[in-house]
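To start, the structure itself, in structure tokens.
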Amino acid sequence: MVKLTGLKKIKTAVFISGTGSNLFSLIKFSKTKRSKILISLIISNNSKSKGLKYSKIYKIKKKIFDFNKRSISEQKILELLKKKQIELICLAGFMKILSKNFITKFKGTILNIHPSLLPKYKGLNTHKKVIENREKFSGCTVHFVTPKLDSGKIILQKRVKVRKSDTEKTLAKKILIQEHKIYPLAIKKIFY
Ligand code: GRF
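Under my numbering, the final residue of the sequence shown carries the number 197; numbering is consecutive throughout.
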């Protein structure tokens, strides 16, 4: 959708809350030859996020913000993003909801990965709901972030079969493997 020429890379910030396996897949992708992104910032609401270890390993600046004080933190984040000239935010297992104010004030692109086939199962506990509803398929979605939760335009989805034997845990694991594949593919699709 956005054709880029030359060597310029898109300065990217990844927002995480937990394990950071999607962050890791994005870092690996960013290091591939043709990747158009450069991850220069990791933001977390949780100082105990396991994914913060990638900051040290890959020498990427990290910053933790207290989302109990959301509007103050969001203001500080916006200032930091501006200072670091961030053009792309990838939400990757970021478990806080960004305000409308933040989303409209940030002038770049914000993407999110959600572990369901949106528009089905927005919000939390997707795998539990999928299993309870005996869905035959679930999956994951990369979409643009808009002020309405999990409702922005869909960029890419991957469908995964739900087996009768699946539990929340096995389903989450299967879907996560696909998340790691489609997040980079979605970025490739929009910036080429
Ligand atoms: C992923 O399934 C993501 O879609 C969801 O939380 C999980 C986070 O995984 N919102 P990780 O932190 O990227 O390993």
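Beta carbons: idealized from backbone N, C-alpha and C, even for Gly.
In the DSSP assignment, find the beta strand (DSSP E) that holds residue i and state where it starts and stops.
i	result
A18	15–21
L46	42–49
K66	66–69
I82	That residue, I82, is in no beta strand (DSSP E); its alpha helix (DSSP H) goes 75–88.
Looking at residue i and the ligand GRF, is the gap between the Cβ and the nearest heavy atom below 8 Å?
i	result
N27	yes
T109	no
E184	yes
A191	no
P120	yes
A18	no
S22	yes
Y145	The displayed chain sequence assigns Cys, not Tyr, to residue 145. Yes, the beta carbon of C145 sits closer than 8 Å to at least one heavy atom of the ligand GRF.
I180	yes
G157	no
G128	no
G113	no
Quick check on DSSP: helix, strand or coil for residue i?
i	result
I192	helix
K112	coil
L103	coil
L57	helix
I91	coil
L176	helix
L96	strand
For the alpha helix (DSSP H) containing residue i, list its first residue and its last residue.
i	result
I32	26–35
Could you name each continuous beta strand (DSSP E) segment of 3 residues or more that falls completely within the region 137–168, going from the start of the chain to the end? List check, beta strand (DSSP E) in window: 142–149, 159–166.
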